[in-house]
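Residue numbers (my numbering), protein chains in the order written: chain A, 287 to 535; chain B, 287 to 535.
Think of the CB as a built atom: it goes at the ideal place given N, C-alpha and C, for glycine as much as any other residue.
Notes to accompany the following structure.
Protein chains: 2
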Amino acid sequence: MAQPLQAQVKNRILAALPALEFEMLARNLVHIDLALGETLHRAGDRIEQVYFVESGFISALAVLSDGSPLEIGLIGAEGVAGVSIVLGATTSFSETMCQTGGGAYRLPAVALKAAVAHAPHLRDLLLRYVYVFGVQVAQTAACNAHHELGQRLARWLLAAHDRSGVAELSLTQDLIAIMLGVRRSTVSVAASTLQRAGVIRYQHGRITIIDRVGLENAACECYETVAGEYRNLFGEGPPHIAPAEVVAD
Amino acid sequence: MAQPLQAQVKNRILAALPALEFEMLARNLVHIDLALGETLHRAGDRIEQVYFVESGFISALAVLSDGSPLEIGLIGAEGVAGVSIVLGATTSFSETMCQTGGGAYRLPAVALKAAVAHAPHLRDLLLRYVYVFGVQVAQTAACNAHHELGQRLARWLLAAHDRSGVAELSLTQDLIAIMLGVRRSTVSVAASTLQRAGVIRYQHGRITIIDRVGLENAACECYETVAGEYRNLFGEGPPHIAPAEVVAD
DNA sequence: GCCTAAGTGTACGGTACCGCACACTTGTTT
DNA sequence: AAACAAGTGTGCGGTACCGTACACTTAGGC
């Protein structure tokens with residue numbers, strides 16, 4: 287398991303670091319494959335490792351005492367799972383799990399904490415990421431209270447599309463329903479509406495985004511609000527980015 | 287307007303600082319009175335000042351594009367409004383406004399940024415506060431999706447009670463309805479249920495908490511989850527703190 | 001090809017809250 | 001004391017989603 291070359295790293299935080307700071311981490315970065323459904327952090331457990339996502343995306347979930355999880359944010363190649371250790375947290379409030387299969391660079395939490403103390407660019411980037419992720423969570427709170435499932439579903443699909451970079455996602459309605467905190471049958475109705483409108487297509491755990499613009503029109507404002515914050519994270523992007531390149535909502 | 291003496295400061299972050307670090311801020315701290323309904327930061331505006339709350343409490347609101355606000359978090363004497371500048375943000379995502387009347391120490395954002403660079407305890411405390419506030423927001427997202435208004439109302443009243451430290455609050459059902467993102471008439475029903483149960487009493491914009499334990503029983507788990515995080519913020523408190531002393535959810 | 005599990009469509013009574021309206025009560029102003 | 005604004009209780013049709021159940025379709029293993 288050789289050290290990664292920064293030029294080959296897809297994670298945008300790692301890629302944006304000055305070479306010197308990247309080298310501080312590189313020794314401890316281990317590339318791992320993420321299986322579909324794999325849990326990275328369990329709610330309440332110590333954060334031993336952090337994960338710089340390379341491909342696929344990760345859900346951060348709040349787990350209520352009755353055991354029902356609910357998604358509070360998505361993490362893709364723009365981010366890190368377990369980043370709250372840079373705020374001084376030692377345990378994980380949320381559960382983080384991979385929804386798609388993918389890859390990530392794993393780094394011991396202690397290594398990140400140590401590096402942050404001597405790598406100002408890394409620290410600033412991570413703190414800015416914390417901020418943007420916080421915006422995502424806050425917008426989700428408002429969205430959950432105010433917007434209908436059809437809009438929320440469209441928003442979520444867009445976010446998943448942005449992060450995974452692929453138009454065909456392996457996702458069951460069952461899973462989506464858990465993420466959004468609604469019945470599976472409710473998702474079924476909303477999804478078939480989107481399908482009839484021709485913006486998505488799906489069969490048996492495979493959702494394909496056909497008409498991205500149509501999906502954006504079907505989504506609530508929350509998508510664009512959060513997407514704008516993410517665009518600012520790594521400096522201004524072009525006004526319109528190809529879907530697979532976008533890092534958004 | 288003399289410099290504040292640290293011993294007299296009620297804000298828990300300022301009070302917890304080493305004397306040396308407090309002195310770095312003291313020159314620029316200005317005590318101000320917060321009027322009921324006063325807005326401290328407007329969504330999207332630059333953060334020019336931050337506010338270390340001394341008394342009363344402040345709501346952080348997400349404002350949707352249709353103009354409807356929704357509360358994402360409460361800030362009391364345990365916290366700071368505008369703290370996201372320590373994450374590198376320059377503008378405010380949320381709107382912050384005072385719900386109660388109260389007081390705060392105002393500090394120019396640039397002064398805080400400058401101090402943070404040379405005051406490690408201040409920086410660590412602020413980052414930990416950011417973390418706990420984030421937990422509050424995340425729990426609110428889940429709560430909005432899953433819990434009924436009766437529970438959410440009880441949770442909110444407990445949080446307001448903790449932060450203000452007084453059992454009698456000047457709050458109309460109208461205001462609460464906006465915070466919780468529901469109709470005023472829905473609050474009316476839930477509130478009168480709590481009143482009939484004898485846990486609160488209210489008339490004409492004045493709510494009194496009579497039975498705190500009863501209120502805790504009526505609230506969802508979200509109260510206690512977040513309260514626990516806040517207890518950890520300044521080190522472990524005693525297992526049971528007198529209501530007026532609690533800094534919670 | 002057949003069997004089974006996984007995934008999806010649909011139905012149906014029930015409930016929480018919406019959206020709106022209006023009457024009533026309380027405190028304040030003059 | 002009268003007038004008024006602010007705050008609250010209540011009603012009522014409408015809707016989104018719950019909770020649950022069941023039938024149907026598709027993919028994959030044998």
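query: Contact set between the region 426-447 of chain A and chain B, restricted to residues whose Cβ is under 9 Å from the partner; result: 426, 427, 428, 429, 430, 431, 432 and 433
query: Close beta carbons around residue 409 (chain B), own chain, < 6 Å, minus the five adjacent residues each side; result: 402
query: Residue 393 (chain B) versus residue 441 (chain B) - alpha carbon distance; result: 31 Å
query: Interface residues of the region 373-399 of chain B facing chain A [CB-CB below 9 Å]; result: 373, 374, 375, 379 and 380
query: Of the listed residues B:450, B:452 and B:435, nearest to residue 473 (chain B) (C-alpha basis); result: B:435
query: First through last residue of the beta strand (DSSP E) which encompasses residue 338 (chain A); result: 335-341
query: Cα-Cα separation between residue 326 (chain B) and residue 437 (chain A), rounded to whole angstroms; result: 31 Å
query: DSSP state of residue 290 (chain A) mapped onto helix, strand, coil; result: coil
query: Chain A residues whose Cβ lies nearer than 8 Å to that of residue 348 (chain B); result: 424, 425, 427 and 428
query: Reduced DSSP secondary structure (H/G/I, E/B, other) of residue 447 (chain A); result: helix
query: Own chain, CB closer than 6 Å to residue 379 (chain A), minus 5 neighbours either side, in chain order; result: none
query: Nearest neighbour of residue 432 (chain B), chosen from A:458, A:465 and A:336 [CA to CA]; result: A:465
query: Inter-stretch contact at 8 Å, needing at least 3 Cβ pairs: the region 323-338 of chain A / the region 471-485 of chain B; result: no
query: Check whether residue 339 (chain B) and residue 367 (chain B) have beta carbons under 8 Å apart; result: yes
query: Beta-bridge partners of residue 316 (chain A), as assigned by DSSP; result: A:392
query: Own chain residues within Cβ distance below 8 Å of residue 258 (chain B), not counting five before or after; result: Residue 258 (chain B) lies beyond the range of chain B shown here (287 to 535); nothing can be said about it.
query: Backbone CA spacing between residue 462 (chain A) and residue 470 (chain A) [nearest angstrom]; result: 8 Å
query: Delimiting residues of the alpha helix (DSSP H) encompassing residue 510 (chain A); result: 507-519
query: Residue 414 (chain B) beta carbon less than 8 Å from that of residue 373 (chain A); result: yes
query: For residue 413 (chain A), the first and last residue of its enclosing alpha helix (DSSP H); result: 406-432
query: Straight-line Cα distance separating residue 444 (chain B) from residue 343 (chain B); result: 12 Å
query: Test: residue 351 (chain A) CB closer than 8 Å to a CB of chain B; result: yes
query: Status (buried if at least 16 other CB within 10 Å, exposed otherwise) for residue 334 (chain B); result: exposed
query: Residue 501 (chain A) - DSSP class collapsed to helix/strand/coil; result: helix
query: Residue 350 (chain A) - DSSP class collapsed to helix/strand/coil; result: coil
query: N- and C-terminal bounds of the beta strand (DSSP E) containing residue 328 (chain A); result: Neither: residue 328 (chain A) is in no beta strand (DSSP E) and is coded neither H nor E.
query: Meets three-Cβ-pair contact criterion under 8 Å: the region 446-459 of chain A and the region 356-371 of chain A; result: yes
query: Exposure label - residue 535 (chain A); buried when at least 16 CB within 10 Å; result: buried
query: Neighbour-count burial assignment, residue 536 (chain B), 16 or more Cβ in a 10 Å radius; result: Since the first residue of chain B shown is 287 and the last is 535, residue 536 (chain B) is not available in this structure.
query: Residue 467 (chain A) - DSSP class collapsed to helix/strand/coil; result: coil
query: C-alpha distance - residue 347 (chain A) paired with residue 318 (chain B), whole-angstrom precision; result: 39 Å
query: Simplified DSSP assignment, three categories, for residue 377 (chain A); result: strand
query: Three-state class that DSSP yields for residue 295 (chain B) in the structure shown; result: coil
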